[in-house]
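Undergrad: Protein chains in written order, with our numbering: chain W, 1 to 292; chain P, 1 to 722; chain C, 1 to 148.
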Amino acid sequence: MVDPEFLRPASVAEAIGMLAGGEATVMAGGTSVGLLIGQGLIEADCLVWLSGIEGMAAITPVPGALRIGAGATLRQVAAHPGVRAVAPAVAAAAGCVGNPRVRAVATVGGALVHADPRQDLPPALAACGAEAEIVGPRGSRRVAVSDLATGFLETVVAPDELLTAVDLPTAARSSSIYFRYTPGSVADFPTVAVAAAAVWSDDDRLVSLRLVLGGVASTPLVVPEAAQLAGADDPHARIADVAAAARTRSDPVSDRLGSAGYKREMAAVWAERALLACLAPPGTAGQLSGAG
Amino acid sequence: MITGAALPLDGTGGCPGGDPADRPRHDARDKATGAFRYAADLPCPGAWHVTLVRCPHPGARILGIDPAAALAAPGVRAVLTAADLPAERAGRRVRDQPLLAGEVALYSGEPVAAVLADTRREAEAAAALVEVSYEPLEAVFDPVVALDAASPLVHDSPWTYPGAVIGPGDGPNLQSVVTDGDPDRVSRALARAAHVVTATYRTPAGHQGYLEPQAWTAWPDGGCVRLRGTTKSPYRLREQVAATLGLEPADIDVEPVALGGDFGGKGSVVDPILCAAIARAVDHPVQLVLRSSEDLTATDARHPSVITVSLACDDDARLVALDFDAVFDGGAYASAKPVPSVNLHGAAEAALGYRFGCFALRSRVAYTHTVPKGHMRAPGAPQTVFAIESAMDELAVRAGVEPAELRRRNLLRSGEEDAYGHVWPDARGIDVLDAALSGAELGGSDLPPGWSAGRGVAFYCRPTPAPPATALALSRLPDGRFEVGVPVPETGTGSHSLVGQQMAAALGTDPANVEVRQLPTSALGFDPGVGASRVTAGMTAAVERLAAAWRDRPPGTDSLRIDVPAGDDGPALTCCAQVAHVAVDPGTGQIRLLELVSAVDVAEVLRRRSHQMQIDGGAVMGIGFARFEDLLEDGGQVWGSTLGEFKLPVAADLPRLRTVTVVGGKGVGPANIKAVGELTNVPAAAAVANAVADAVGVRLRDLPLSAEAVYWRLHPPGRDGR
Amino acid sequence: MVAIRLSLNGEETCVDAPVTASLLEVLREGGLTGTKEGCRIGVCGLCSVLVDGLPVSSCLLLAPCAEGREVWTVEGLAAARPDLADRFAAVEAMQCGICTPGQVVMAAAAQEAGAGEPDAGYLDGNLCRCTGYSTILEALRGSGRADG
Chain W
1 MVDPEFLRPA SVAEAIGMLA GGEATVMAGG TSVGLLIGQG LIEADCLVWL SGIEGMAAIT
61 PVPGALRIGA GATLRQVAAH PGVRAVAPAV AAAAGCVGNP RVRAVATVGG ALVHADPRQD
121 LPPALAACGA EAEIVGPRGS RRVAVSDLAT GFLETVVAPD ELLTAVDLPT AARSSSIYFR
181 YTPGSVADFP TVAVAAAAVW SDDDRLVSLR LVLGGVASTP LVVPEAAQLA GADDPHARIA
241 DVAAAARTRS DPVSDRLGSA GYKREMAAVW AERALLACLA PPGTAGQLSG AG
Chain P
1 MITGAALPLD GTGGCPGGDP ADRPRHDARD KATGAFRYAA DLPCPGAWHV TLVRCPHPGA
61 RILGIDPAAA LAAPGVRAVL TAADLPAERA GRRVRDQPLL AGEVALYSGE PVAAVLADTR
121 REAEAAAALV EVSYEPLEAV FDPVVALDAA SPLVHDSPWT YPGAVIGPGD GPNLQSVVTD
181 GDPDRVSRAL ARAAHVVTAT YRTPAGHQGY LEPQAWTAWP DGGCVRLRGT TKSPYRLREQ
241 VAATLGLEPA DIDVEPVALG GDFGGKGSVV DPILCAAIAR AVDHPVQLVL RSSEDLTATD
301 ARHPSVITVS LACDDDARLV ALDFDAVFDG GAYASAKPVP SVNLHGAAEA ALGYRFGCFA
361 LRSRVAYTHT VPKGHMRAPG APQTVFAIES AMDELAVRAG VEPAELRRRN LLRSGEEDAY
421 GHVWPDARGI DVLDAALSGA ELGGSDLPPG WSAGRGVAFY CRPTPAPPAT ALALSRLPDG
481 RFEVGVPVPE TGTGSHSLVG QQMAAALGTD PANVEVRQLP TSALGFDPGV GASRVTAGMT
541 AAVERLAAAW RDRPPGTDSL RIDVPAGDDG PALTCCAQVA HVAVDPGTGQ IRLLELVSAV
601 DVAEVLRRRS HQMQIDGGAV MGIGFARFED LLEDGGQVWG STLGEFKLPV AADLPRLRTV
661 TVVGGKGVGP ANIKAVGELT NVPAAAAVAN AVADAVGVRL RDLPLSAEAV YWRLHPPGRD
721 GR
Chain C
1 MVAIRLSLNG EETCVDAPVT ASLLEVLREG GLTGTKEGCR IGVCGLCSVL VDGLPVSSCL
61 LLAPCAEGRE VWTVEGLAAA RPDLADRFAA VEAMQCGICT PGQVVMAAAA QEAGAGEPDA
121 GYLDGNLCRC TGYSTILEAL RGSGRADG
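1) With DSSP collapsed to three states, give me the class of P/Asp-180.
2) So, does the CB of W/Gly-292 fall closer than 9 Å to a CB anywhere in chain C?
3) Let me confirm a value: W/Val-194 is counted as buried when at least 16 other C-beta atoms fall within 10 Å, else exposed. Which label applies?
4) Please check the pair P/Val-457 and P/Ala-537, which I expect to be a contact at CB under 8 Å, by giving their CB distance rounded to whole angstroms.
5) Could you work out which residues of chain P lie near C/Asp-83, taking near to mean beta carbons separated by less than 7 Å?
6) Using beta carbons (cut-off 9 Å, strictly below), is P/Lys-232 in contact with chain C?
7) Give me the DSSP bridge partner(s) of P/Thr-200.
8) Any idea which residues DSSP pairs C/Val-15 with across the strands?
9) Indicate the three-state DSSP secondary structure (helix, strand or coil) for P/Trp-119 in the structure shown.
10) Who does P/Lys-373 pair with in a DSSP beta bridge?
11) Among residues of its own chain, excluding the 5 on either side of P/Thr-723, which ones have a beta-carbon nearer than 7 Å to its beta-carbon?
12) Kindly indicate which residue of P/Phe-482, P/Arg-409, P/Trp-159 and P/Arg-89 has the alpha-carbon position closest to the one of P/Val-270.
13) Considering only residues of the same chain and omitting the five flanking positions on each side of P/Val-423, which have a CB-CB separation below 6 Å?
14) Would you list, in chain order, the members of the region 586-616 of chain P that have their beta-carbon closer than 8 Å to a beta-carbon of chain W?
15) Alpha carbons only, please: which of C/Asp-52, C/Thr-131 and C/Ile-41 is nearest the one belonging to C/Gly-68?
16) Any idea what DSSP makes of W/Ser-201, helix, strand or coil?
17) Could you check where the beta strand (DSSP E) with W/Thr-164 kicks off and where it finishes?
18) Can W/Val-90 and W/Leu-125 be called in contact, C-beta distance under 9 Å?
19) Quick one: which chain W residues come within Cβ less than 8 Å of P/Val-650?
20) If I measure Cβ to Cβ from C/Ala-78 and keep anything under 7 Å in the same chain, skipping five residues before and after, which residues do I get?
21) The alpha helix (DSSP H) with P/Phe-386 in it runs from where to where?
22) Could you have a look at W/Asp-3 and say whether DSSP puts it in helix, strand or coil?
23) Of the residues C/Glu-29, C/Glu-11 and C/Ala-107, which one's Cα is nearest the Cα of C/Val-56?
24) Give me the chain W residues within the contact set of C/Leu-140, using Cβ-Cβ distance strictly less than 9 Å, ordered along the chain.
25) Does the distance from the C-beta atom of W/Glu-23 to that of W/Asp-3 stay below 9 Å?
26) How far does the alpha helix (DSSP H) with P/Cys-778 in it reach, from first residue to last?
27) How is W/Gln-228 classed by DSSP in three states: helix, strand or coil?
28) What residues in the region 36-49 of chain C have a beta carbon less than 8 Å from any beta carbon of chain W?
29) Express the C-alpha separation of P/Ile-591 and P/Ala-583 in angstroms, rounding to a whole number.
30) Sort P/Arg-413, P/Ala-72, P/Ala-279 and P/Thr-509 by Cα distance to P/Gly-46 and report the nearest one.
31) Taking 8 Å as the threshold, find out whether the region 462-482 of chain P comes into contact with the region 555-569 of chain P through three or more Cβ pairs.
32) Bridge partners for P/Arg-658 per DSSP, in chain order?
33) Which residues in the same chain have their Cβ closer than 7 Å to the Cβ of P/Gly-429, if we skip the five residues on either side of it in sequence?
34) Smallest Cα separation from W/Leu-50: which of W/Gln-39, W/Ile-68, W/Pro-61 and W/Thr-25?
35) Since P/Pro-24 meets chain C, which of its residues come closer than 8 Å, beta carbon to beta carbon?
36) Distance, Cα to Cα, P/Val-225 vs P/Asp-251?
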């Protein structure tokens with residue numbers, strides 16, 4: 001029972017220095033790390049706590065995007081007027097994680113890098129086309145949020161790198177929706193979750209559509225067939241095909257939240273419902289809420 | 001006769017004049033400020049902290065235990081194994097559970113060693129260093145399979161344990177069996193009946209879900225031992241400690257502490273006896289505080305059940321026969337069951353409430369290689385009533401009669417004899433049923449588009465027992481105020497506030513002048529503990545007697561203690577009916593409970609707010625049982641090992657809860673009361689299942705009622721190319 | 001062990017604790033037993049405290065993360081904002097009471113945020129096994145919704 005080192009970097013550069021060697025455990029809000037340490041599930045030699053890094057929690061407009069600092073809490077994201085306007089699905093997803101105490105401290109960066117496939121936020125950010133900035137000893141790079149997770153609790157972020165921010169594109173006309181399906185207690189992980197985001201032209205043509213599911217694979221599941229609806233003559237006519245693709249692409253595990261077979265069915269049902277809601281004319285109701 | 005629920009919960013008590021039934025509870029402010037102390041909050045200077053090393057296998061031979069690494073760890077004082085403790089086993093009725101497993105451990109979670117250290121952190125760290133080598137045994141997890149002759153034996157000769165209620169000829173793995181009624185007559189009646197339904201219902205392991213982990217401190221004191229902690233039955237515990245440690249009850253002082261939730265779970269006995277034995281073995285005070293996950297995986301969970309019911313009626317929808325055959329999973333030890341039958345009285349009372357032409361009942365509890373099962377709020381009744389009240393609806397469908405009408409035609413009326421031959425002078429089942437139906441207020445506006453609505457009803461009744469024997473003390477404090485000493489801990493129901501208020505009324509003083517104090521077992525005679533909804537009746541009867549004795553006390557007396565014999569004015573039949581309104585999404589199977597109406601049979605209500613919260617809290621527990629509470633036992637492991645997986649209802653899970661109190665009943669004891677604590681948690685599951693069947697025509701016979709089960713019935717797999 | 005300086009219930013305090021100790025352990029070992037240990041995974045709410053005005057599960061917060069921050073426990077809130085405890089007592093929003101301190105802290109957090117009225121979902125992380133929640137929601141009413 002050796003006490004780990006506890007380090008509080010004041011800057012990203014200092015943090016990167018502390019991560020050299022790749023043995024340190026990064027923590028921000030600390031809900032996941034605190035839980036895992038408390039339950040004896042991980043042992044850390046060195047904890048690097050990011051909360052002291054100036055500006056890491058800011059949400060600020062940058063050209064073409066809203067930049068959400070990795071240290072922004074889910075509570076901040078859920079309540080942020082800019083996020084609510086640009087990506088209602090992201091605000092909705094952030095607002096239904098866990099409970100108010102989790103949302104008060106858990107961060108965007110933590111939600112992405114912990115890469116628990118039951119998390120609400122990653123599918124919503126991925127659907128809305130967010131990009132992550134990753135900084136490491138070799139410089140910085142940008143990775144689409146949809147490409148971050150590589151497996152259960154695994155991401156492309158190397159042990160000596162930090163995810164510092166995500167950029168949420170600010171399209172002029174867009175709609176997005178996040179549904180989480182909790183057939184048991186509402187205060188539980190979703191059996192399946194679906195995020196859909198559409199971008200529209202000024203004359204109400206569908207320019208792009210992304211559909212990302214949570215809970216049905218070891219990472220957020222992008223359904224590429226959704227993209228084909230952009231430019232289609234009658235996107236609504238092809239919703240059922242995309243829903244079927246969501247079912248086929250799902251590769252869930254059976255657990256207390258549902259059997260694999262049921263989750264696949266629900267992937268299709270909720271994909272269809274999310275697309276219907278998302279493809280409703282821009283500005284209509286129902287684009288912020290969860291479900292369940 | 002029927003009143004609305006409507007107690008205004010606005011802080012006025014709804015009674016500006018100061019009706020005693022609306023006085024605030026005495027502990028309310030301390031509980032809200034954090035000043036109120038529970039067992040783990042009390043100081044125990046110098047005590048060594050105990051962490052138990054638990055067997056990870058559901059059944060294993062213990063080949064060896066190497067404590068060396070643990071003993072070398074910082075702060076460690078000792079590592080004890082079975083060899084260091086008394087060999088006598090422990091239990092509330094059957095003493096079949098070792099304090100620490102010796103040669104074999106029979107369930108995953110069974111303690112095999114105890115690590116003692118200066119701090120809890122050190123004890124926990126060192127516990128991980130104890131090396132135990134195991135050889136897993138062939139195990140049995142299904143209670144029906146366990147009763148089969150070919151199954152592995154959990155215990156070689158369980159009839160040899162002190163208190164056992166079975167014999168060598170009773171078949172394998174049997175903890176207990178209760179039979180009643182006339183099976184031959186039932187067979188004939190079922191063969192002749194116009195309408196018969198036979199179905200099997202299953203319920204999973206559950207947990208009381210109290211939020212305060214169990215906590216114990218033990219002090220050795222010469223040959224004696226003092227114990228303080230979380231028990232609802234201190235006097236029974238004293239006897240049980242004595243039996244296992246080879247002491248006299250008088251050698252043991254048990255000091256119960258107010259409980260942070262009980263619901264039957266704080267009656268487990270092995271941990272406190274283990275704690276006492278450890279303290280004696282090391283001759284030093286020790287403290288054992290469980291972690292929440294230990295409570296969930298290794299204390300006294302609710303029995304899973306497999307219940308087959310045959311129910312029959314004639315062409316006039318008169319019930320002609322009930323055959324009830326229950327198998328409960330009792331787990332690896334019978335130690336946590338306190339009743340003489342070592343069974344579950346909810347099952348033994350399966351035929352209560354209706355006029356059945358004839359009935360046959362068998363309730364068997366099996367040993368399995370799973371965590372020992374104990375009592376939870378109306379033990380056996382939620383499982384039993386889920387089965388019978390579901391079957392009642394299935395029979396109604398078959399007989400072509402409204403489910404409520406089938407019940408109405410067959411519910412006992414006052415003065416009638418029940419299936420067991422008992423005559424109930426105050427049987428108000430029909431009134432209560434009708435009150436529940438009339439209290440329902442489903443509005444169509446609640447129904448999401450595309451969803452199907454349904455209504456279900458279910459009924460339950462139980463005896464409120466006559467006031468039990470108990471004991472009570474009263475003394476005048478130096479400042480002129482009074483102190484009442486009570487034998488049972490405050491479990492949260494407000495029983496201590498009630499005692500204070502009743503005593504104040506009897507003495508003609510203000511309740512502020514009466515302190516209520518929990519006394520240790522050394523200070524009073526005997527009390528059977530909290531359970532069977534008997535505390536309020538017992539305490540109010542005792543207060544009346546003690547107040548009378550106080551008035552007649554010899555001059556100069558400033559303290560008095562009395563033993564109160566059991567009352568004889570009881571039992572009183574106590575009824576509850578619930579109506580559930582649900583909406584079901586045919587596209588997903590999702591079940592949304594919109595409203596739950598509880599109609600409750602009451603006589604006098606002594607503390608309105610506490611009474612209402614017993615009703616609401618029970619209803620919520622019933623909803624959890626219906627909808628998602630499941631310890632997820634599989635392969636001998638409890639997978640619902642945290643409150644993140646074993647989900648309890650949160651506020652947002654709840655439907656509109658309505659209560660209809662059916663006043664004017666004839667209760668028990670001088671206060672004329674009917675019990676309320678173990679009513680509304682019972683019929684809810686059947687009411688919801690019946691509502692789901694009404695909504696989408698899908699009859700679910702397994703709890704919890706899942707969306708997935710509904711979905712597959714509406715969308716059978718294999719179609720649509722899936 | 002690390003030395004942790006924090007403001008605890010309005011007073012500057014320094015405590016020594018192992019890095020991996022939770023704030024909950026530190027509080028309870030320091031005698032502030034109003035903060036209860038429940039699930040230890042942040043879902044039951046028994047250990048709720050305020051950190052810099054926000055509600056936090058003290059079971060999940062490693063003690064060093066409290067460095068330099070303002071922590072309020074139920075004891076401190078009872079003294080600083082007696083109206084909250086009064087309200088819970090007045091409507092008798094409790095039975096066994098083990099969850100009550102955490103509920104009171106959540107009420108304080110709602111009051112701190114000051115916007116709107118807490119709904120049932122505000123208690124998604126505060127279990128109560130006794131009351132059925134209606135009296136707790138009653139006590140929370142008017143204290144202000146904290147969270148989106």
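All C-beta atoms in this analysis are idealised placements derived from N, C-alpha and C, irrespective of residue type, glycine included. Note that the coordinates shown come from a computational prediction; the quantities given were computed from them, not determined experimentally.
TA: Considering the structure as presented:
1) Residue state, collapsed to three classes: strand.
2) Low confidence applies to W/Gly-292: its pLDDT is 34, below 50, so where it sits in the model is not reliable enough to give any reading.
3) buried
4) The beta-carbon distance between P/Val-457 and P/Ala-537, rounded to whole angstroms, is 29 Å. This is too long to meet the 8 Å contact definition.
5) Result: empty, since nearest Cβ-Cβ is about 11 Å, beyond 7 Å.
6) no
7) P/Thr-308
8) Paired residue(s): C/Ile-4.
9) It is worth fixing the name first, because residue 119 of chain P is Thr in this sequence and not Trp. It is coil, neither helix nor strand.
10) DSSP output for P/Lys-373 lists P/Ala-301 as bridge partner(s).
11) Beyond the ends of chain P as shown, which are 1 and 722, falls residue 723 of chain P; an answer cannot be given.
12) P/Arg-89
13) Glu-417
14) Gly-587, Thr-588, Gly-589, Gln-590 and Ile-591
15) C/Asp-52
16) coil
17) 162-169 is the span of the beta strand (DSSP E), which, as asked, contains W/Thr-164.
18) yes
19) Ser-185, Val-186 and Ala-187
20) Within the same chain, C/Ala-78 has close Cβ partners Ala-85.
21) Counted as a single uninterrupted DSSP element, the alpha helix (DSSP H) harbouring P/Phe-386 occupies residues 381-399.
22) Note: W/Asp-3 maps to coil in three-state DSSP.
23) C/Ala-107
24) Residues of chain W passing the Cβ test: none, with the nearest at roughly 12 Å.
25) no
26) Since the first residue shown for chain P is 1 and the last is 722, residue 778 of chain P is missing from the structure and cannot be characterised.
27) helix
28) Arg-40, Ile-41, Gly-42, Val-43, Gly-45 and Ser-48
29) Note on geometry: alpha-carbon atoms of P/Ala-583 and P/Ile-591 lie some 6 Å from one another.
30) P/Ala-279
31) yes
32) P/Val-597
33) Gly-353, Leu-411, Leu-412, Phe-459, Cys-461 and Cys-575
34) Comparing alpha-carbon positions, the option among W/Gln-39, W/Ile-68, W/Pro-61 and W/Thr-25 lying closest to W/Leu-50 turns out to be W/Thr-25.
35) Ala-89, Ala-90 and Glu-92
36) Using only the alpha carbons, I get a separation of about 7 Å.
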